[in-house]
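Residue numbers (our numbering), protein chains in the order written: chain A, 1 to 114; chain B, 115 to 228. Below is one structure, written out as structure tokens, with a few remarks after it.
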Amino acid sequence: KAGVTQTPRYLIKTRGQQVTLSCSPISGHRSVSWYQQTPGQGLQFLFEYFSETQRNKGNFPGRFSGRQFSNSRSEMNVSTLELGDSALYLCASSSRDRVTYEQYFGPGTRLTVT
Amino acid sequence: AQSVTQPDIHITVSEGASLELRCNYSYGATPYLFWYVQSPGQGLQLLLKYFSGDTLVQGIKGFEAEFKRSQSSFNLRKPSVHWSDAAEYFCAVGGGGSQGNLIFGKGTKLSVKP
């Protein structure tokens with residue numbers, strides 16, 4: 001099976017702009033989670049989508065939003081970018097099987113805000 | 115609150131030596147525990163997981179981990195380290211079921227001396 005794919009891999013944006021990141025999960029996986037990774041805060045959970053519904057949300061401002069499509073692909077959007085939003089954004093997919101619950105990560109999108 | 119502590123920020127071992135990376139967790143219910151590895155510029159790769167049953171779990175690349183409920187620990191071990199094991203290692207705890215997010219430790223960076 002193909003793994004989790006994320007596009008683009010690298011992005012440079014200016015403060016105040018908005019950005020959309022895309023994630024395609026492993027075929028058959030219906031859950032997609034997003035994480036932000038920074039040197040200072042480490043890996044932090046943003047939100048999870050399952051069957052097009054947001055199921056869980058981390059402690060991030062409303063500028064961070066996401067959605068999931070019927071084919072399980074997901075996008076996350078960050079509006080009004082701030083310098084502190086510079087990070088590696090990781091997407092993870094899961095089958096959400098109650099017995100074997102594990103998440104598989106994509107390579108990430110490196111966002112730099114200048 | 116749920117949390118994961120990895121006490122060692124950076125560890126250096128000689129190639130061929132044994133390795134143990136420490137992980138302590140705080141979680142109210144029975145935890146789902148994971149170890150992930152991240153090479154520079156890459157996403158996270160799942161090394162192993164513990165859900166229930168045998169407290170010693172085997173993973174990929176010759177890694178194993180032992181769950182000790184009394185110590186709230188889930189330490190990662192490898193009997194003989196290879197230069198290619200140099201990377202950052204993350205311990206994570208998740209609730210499984212309806213919980214779609216993982217809580218990660220800050221990571222331990224492993225360097226391998228030739």
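C-beta atoms are modelled at their ideal positions from N, C-alpha and C, and glycine is treated no differently. None of the values given here were measured: they were computed from a predicted structure.
Got a sec: is the Cβ-Cβ distance from K163/B to anything in chain A below 8 angstroms?
In the second sequence, the residue the question calls residue 163/B occupies position 49. Yes, contact with chain A.
First and last residue of the beta strand (DSSP E) that includes C137/B?
Translated into the one-based positions of the second sequence, residue 137/B becomes position 23. Here C137/B belongs to no beta strand (DSSP E), and DSSP marks it neither H nor E.
By Cβ distance below 7 angstroms, which residues in the same chain neighbour P39/A in space, the five residues on each side in sequence not counted?
The sequence position of residue 39/A within the first sequence is 39, counting from 1. Cβ within range, chain order: n/a, list empty.
Checking the sheet assignment: what are the DSSP bridge partners for E180/B?
Translated into the one-based positions of the second sequence, residue 180/B becomes position 66. DSSP output for E180/B lists L170/B and N189/B as bridge partner(s).
Under 8 angstroms between the Cβ atoms of C205/B and F181/B?
The count along the second sequence starts at 1 and reaches residue 205/B at position 91. The count along the second sequence starts at 1 and reaches residue 181/B at position 67. It is not a contact, given that the beta carbons lie outside the stated cut-off.
First and last residue of the beta strand (DSSP E) that includes S79/A?
In the first sequence, the residue the question calls residue 79/A occupies position 79. Where S79/A is concerned, there is no enclosing beta strand (DSSP E), given that its DSSP letter is neither H nor E.
Taking 8 angstroms as the CB-CB limit, is N215/B close to chain A?
Start at 1 with the first residue of the second sequence, and residue 215/B comes out as number 101. Yes, N215/B lies at the interface with chain A (some Cβ there is under 8 angstroms from its Cβ).
Rounded C-alpha distance that separates P107/A from R9/A:
For the purposes of this step, residue 107/A is identified with residue 107 of the first sequence, where counting begins at 1. For the purposes of this step, residue 9/A is identified with residue 9 of the first sequence, where counting begins at 1. So the two alpha carbons sit approximately 8 angstroms from each other.
Of the residues G3/A, A87/A and Q103/A, the one placed nearest V19/A, counting alpha carbons only:
By 1-based counting over the first sequence, the position of residue 19/A is 19. Looking at the Cα atoms, A87/A is the closest of the given residues.
Rounded straight-line distance, which links the Cα of T222/B to that of Y35/A:
Start at 1 with the first residue of the first sequence, and residue 35/A comes out as number 35. Start at 1 with the first residue of the second sequence, and residue 222/B comes out as number 108. The straight-line gap separating the alpha-carbon atoms of Y35/A and T222/B is approximately 18 angstroms.
Under the three-state reduction of DSSP, which class applies to S198/B: helix, strand or coil?
For the purposes of this step, residue 198/B is taken as the residue at position 84 of the second sequence. In the structure shown, S198/B sits in a helix (DSSP, three-state: H, G or I).
Take every Cβ of the stretch 38 to 58 of chain A, pair it with every Cβ of the stretch 115 to 124 of chain B, and state whether three or more of those distances are shorter than 8 angstroms.
Contact check between the stretch 38 to 58 of chain A and the stretch 115 to 124 of chain B: fewer than three CB pairs, one atom from each, fall below 8 angstroms, which does not count as touching.
Shorter than 8 angstroms from the beta carbon of S33/A to some beta carbon of chain B?
Sequence index remark: in the first sequence, residue 33/A carries index 33 (1-based). Yes, S33/A lies at the interface with chain B (some Cβ there is under 8 angstroms from its Cβ).
Beta-carbon gap between K246/B and G84/A smaller than 8 angstroms:
Look at the range of chain B in this structure, 115 to 228, and you will see that residue 246/B is not part of it.
From what residue to what residue does the beta strand (DSSP E) around F69/A run?
Taking the first sequence and counting its residues from 1, one reaches residue 69/A at position 69. Segment: none, F69/A is in no beta strand (DSSP E) and carries neither H nor E.
Inspect the beta-carbon positions of W197/B and V151/B and report whether they are closer than 8 angstroms.
As a position in the second sequence, residue 197/B is number 83, starting the count at 1. As a position in the second sequence, residue 151/B is number 37, starting the count at 1. Taking 8 angstroms as the Cβ cut-off, W197/B and V151/B do not qualify as a contacting pair.
Closest Cα partner of G155/B within the set S93/A, V113/A, Y89/A and Q103/A
Numbered from its first residue, the second sequence carries residue 155/B at position 41. Of the candidates S93/A, V113/A, Y89/A and Q103/A, Y89/A places its Cα closest to the Cα of G155/B.
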